[in-house]
Amino acid sequence: MWDKFVAFADDNKQVIAKLSPDITVDKNFDTRGLSEALSALGAGDLFVLEDEVARFIHCAKEMKSESYVGITVAEVRNASVEVVLSDHDMLASMVVTGAYKGLPLKGPQIVHALAQMHVTKGINKLALKKVLVMSHQLKPGETFTQPVAQGKQPIQGVDAKFTPLVKDPTKQILAPKETNGKVDMLNLGETINVSQNAPVMKRTPATKGTPGMTVTGKVIPPKPGNDAVLKPGKGTIVSPDDPNLLIAEVSGMPIIKERGVEVEDALCIPTIGVATGHVKFKGNVVVLGDIESDMVVRATGSLTVGGFIESADVQVQGDIEVAKGIIGHNVSEGDKKSCIVKSGGSITANYAQFAELQAANDIHLSVHCMSNDLRCGHDLVVCDAAEKQGTLSGGSAKVGGKVSCVNLGVEGDTATYVHVFARYQMYKERQAKLKEQYTQAQEGTMGIIRKELEFKKIPKSERTPEQEQKLEQDKQEANAYLEKVKHARDTNEQELEVALAESTLEAKNKVYTHVTVQFGDEKVVTKRVRGASIFTFNQYEINRSSMFDEEDLDQEE
Numbered sequence: 027m028w029d030k031f032v033a034f035a036d037d038n039k040q041v042i043a044k045l046s047p048d049i050t051v052d053k054n055f056d057t058r059g060l061s062e063a064l065s066a067l068g069a070g071d072l073f074v075l076e077d078e079v080a081r082f083i084h085c086a087k088e089m090k091s092e093s094y095v096g097i098t099v100a101e102v103r104n105a106s107v108e109v110v111l112s113d114h115d116m117l118a119s120m121v122v123t124g125a126y127k128g129l130p131l132k133g134p135q136i137v138h139a140l141a142q143m144h145v146t147k148g149i150n151k152l153a154l155k156k157v158l159v160m161s162h163q164l165k166p167g168e169t170f171t172q173p174v175a176q177g178k179q180p181i182q183g184v185d186a187k188f189t190p191l192v193k194d195p196t197k198q199i200l201a202p203k204e205t206n207g208k209v210d211m212l213n214l215g216e217t218i219n220v221s222q223n224a225p226v227m228k229r230t231p232a233t234k235g236t237p238g239m240t241v242t243g244k245v246i247p248p249k250p251g252n253d254a255v256l257k258p259g260k261g262t263i264v265s266p267d268d269p270n271l272l273i274a275e276v277s278g279m280p281i282i283k284e285r286g287v288e289v290e291d292a293l294c295i296p297t298i299g300v301a302t303g304h305v306k307f308k309g310n311v312v313v314l315g316d317i318e319s320d321m322v323v324r325a326t327g328s329l330t331v332g333g334f335i336e337s338a339d340v341q342v343q344g345d346i347e348v349a350k351g352i353i354g355h356n357v358s359e360g361d362k363k364s365c366i367v368k369s370g371g372s373i374t375a376n377y378a379q380f381a382e383l384q385a386a387n388d389i390h391l392s393v394h395c396m397s398n399d400l401r402c403g404h405d406l407v408v409c410d411a412a413e414k415q416g417t418l419s420g421g422s423a424k425v426g427g428k429v430s431c432v433n434l435g436v437e438g439d440t441a442t443y444v445h446v447f448a449r450y451q452m453y454k455e456r457q458a459k460l461k462e463q464y465t466q467a468q469e470g471t472m473g474i475i476r477k478e479l480e481f482k483k484i485p486k487s488e489r490t491p492e493q494e495q496k497l498e499q500d501k502q503e504a505n506a507y508l509e510k511v512k513h514a515r516d517t518n519e520q521e522l523e524v525a526l527a528e529s530t531l532e533a534k535n536k537v538y539t540h541v542t543v544q545f546g547d548e549k550v551v552t553k554r555v556r557g558a559s560i561f562t563f564n565q566y567e568i569n570r571s572s573m574f575d576e577e578d579l580d581q582e583e
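Following my numbering, the numbering of the sequence shown begins with 27 at its first residue and continues without gaps.
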């Protein structure tokens, strides 16, 4: 029926639907047959005006005058383009809609579309040409999206960088030797020492970064890098010619820090033994070989040993690094260990056995810790880099923080004692003290409040300004002290919670029998072999949990 209603307008750019006076439509009249009628008319590629079609159907059914005058239901349309911004205005895309028997896009239309959306930066001319080409090829109403402009992300600033200009002497001594295992001892001091005025560290200043820009030209500020200055230490100064260069003020051994270098006196010797005698030195001591039996070593700096420490008495204020092992010989129970190594910093070695070790900070052993009496203020790690070796067995270990090893204990009846988080008692004592202080502070505050109530009972005429001022001052001081003690109490409790969560005993492979694990006053003794385990403490009991979902490896006792 539509073929009787539709016809081209005089300009051939529109299709008019018009009802003849001699034709009426029934109530079932709808859009069925419209597409076929338009195709037969040669108007199949025109844009159909859906709303106008619906209006014509309604008017025709109601026999309204508009249906007899004629309603435009389809029209020729040129290709259109729309610019869409996305990714926080960092990307502009053109959405092209194919022409409905009309004209493809022209250059000025594209320029106008960009200008409408204020796109001025990062425009890709090749992409614009592609948009023009595609507008010729698209079917009527088909859409094509093409990114045409890309914003520029800001380049974030880089933090200040500190580059050592000297080699770390400890790494030179501890590094594997050449094939023949020989080192020219005559040049040892020259190798690990720096001369006066030698550059020791360079600072690369932080950068501000480069601003970015959106496709609409809005500047995106970069995040500047964190800046920091060189930190001159003992024996070093900032170069008078270059503020970004640290130089040695004196000759000596460089100690590399995070943002600076310290140059200290260093004693460099092949070995410490009968030939050298005992060594006491104010500064750092570097021993290429071994510290032999019965030798005494004292130093105010650090100690680096390229070989072994064997049944010696070594005590230094700095760190101790040993390339090989720390070895004592087996003594009767209760007797003093033959090898004593104490550090005011950390101790690092390949292994230690039958020795007394004490460090203010950490102790790190790669292969094993066997039958030692060990104490450290922070963490104990018995594990190599690959986490394949590392056995903590026999002896006793009292550790301020956490303990990490591959195997805990050993097969057989050798007893192992490990006291983890030995600082727990210190936290508890401090907690009790702070609680008592808080209670006293509360009582003090209540006393001030009672004084204030008594003071207010006095007639105003009998009160002096000095009394009021003194009372107000006492009140403020009492409240400030109460708040200070409360903050200290809460901080200590939070620190204890964090320390409890971090201070665990972790065995990455196996836990053997006869291992006593202690946290606070609580102790547990292992009675069977188990797989990888973590021991934790909740202030009431010690819990062991498997590190994996595998079943425990039980062993008959």
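For glycine and all other residues, C-beta sits at the position ideal for the given N, C-alpha and C.
Continuous beta strand (DSSP E) assignments of at least 3 residues falling wholly in the stretch 240-287: You should have 262-264, 271-274 and 279-282.
Any idea what DSSP makes of K368, helix, strand or coil? When secondary structure is reduced to three states using DSSP, K368 falls in the strand class.
In this structure, how does DSSP classify G59 when only helix, strand and coil are distinguished? Coil at G59, not helix or strand.
When the Cα atoms are used, what is the spatial distance from K132 to G68? Roughly 26 Å separates the two Cα atoms.
Is the beta carbon of A325 closer than 8 Å to that of R285? No, Cβ-Cβ distance for R285 and A325 is not below 8 Å.
Could you give the residue range of the beta strand (DSSP E) that holds A100? Where A100 is concerned, the enclosing beta strand (DSSP E) starts and stops at I97 to E101.
Quick one: what's L400 bridged to in DSSP? Answer is L383 and A423.
Threshold first: 4 residues or longer. Then list the alpha helix (DSSP H) segments lying entirely within the stretch 128-205, N to C. Within the stretch 128-205, the complete alpha helix (DSSP H) segments at least 4 residues long are 133-142, 151-163 and 195-200, listed from N- to C-terminus.
Cut-off 7 Å between Cβ atoms - residues of its own chain near K588, not counting five sequence neighbours on either side: As shown, the chain starts at 27 and ends at 583. That puts residue 588 outside it, with no answer to give.
Less than 8 Å between C-beta atoms, sequence neighbours within five positions excluded: which residues of the same chain meet that for G309? Only residues of its own chain outside the window of five on either side were considered, and among them G278, M279, E290, D291, A292, L293, A325, T326 and G327 have a CB closer than 8 Å to the CB of G309, listed in chain order.
Rounded separation between S337 and Y538 - CA only: Taken atom to atom, the span from the alpha-carbon of S337 to that of Y538 is near 29 Å.
Counting along the chain, where does the beta strand (DSSP E) carrying L497 start and finish? Going by DSSP, L497 is part of no beta strand (DSSP E) but of the alpha helix (DSSP H) stretching over P491 to E528.
Going by DSSP, what residues sit across from T123 in a beta bridge? Paired residues: S106 and T169.
Please report the distance separating the alpha-carbon of A80 from that of L140. Cα-Cα distance, rounded: 35 Å.
Do Y450 and F545 have their C-beta atoms closer together than 8 Å? A contact, by the Cβ cut-off of 8 Å.
For Q565, the three-state DSSP class (helix, strand or coil): DSSP places Q565 in coil when its eight states are reduced to three.
For my contact list, G183 and K234 are in at a C-beta cut-off of 8 Å; report their separation, rounded to the angstrom. For G183 against K234, the beta-carbon gap comes to about 5 Å, under 8 Å, which counts as contact.
Does the beta-carbon of G167 have 16 or more other beta-carbons within 10 angstroms, so that it is buried, or is it exposed? A residue is called buried once 16 or more other Cβ atoms fall within 10 Å of its Cβ, and G167, having fewer, is exposed.
Excluding the 5 residues flanking E311 on each side, which residues of the same chain have their C-beta closer than 6 Å to its C-beta? Here residue 311 is Val; the residue named in the question, Glu, does not match the sequence. Here the set comprises L293, A325 and L329.
Under 8 Å: do the stretch 562-576 and the stretch 456-476 share three or more Cβ pairs, one atom per stretch? Contact between the stretch 562-576 and the stretch 456-476 is absent, because fewer than three Cβ pairs lie under 8 Å.
Using only the alpha-carbon positions, how far apart do Q222 and K350 sit? Between the C-alpha atoms of Q222 and K350 there is a straight-line separation of about 33 Å.
Exposure of E498, with buried meaning 16 or more beta-carbon neighbours within 10 Å: By the Cβ-count criterion, E498 is exposed, with fewer than 16 other Cβ atoms from all chains shown falling within 10 Å of its own Cβ.
Around the C-beta of G438, are 16 or more other C-beta atoms found within 10 angstroms, so that it is buried, or is it exposed? Counting Cβ neighbours within 10 Å, G438 comes out exposed, since fewer than 16 surround it.
Which stretch, first to last residue, makes up the alpha helix (DSSP H) that contains T465? Here the alpha helix (DSSP H) through T465 covers Y450 to K483.
Checking 8 Å against the spacing of the C-beta atoms, do L158 and I181 come in under that value? No, the pair does not count as a contact, with Cβ atoms beyond the cut-off.
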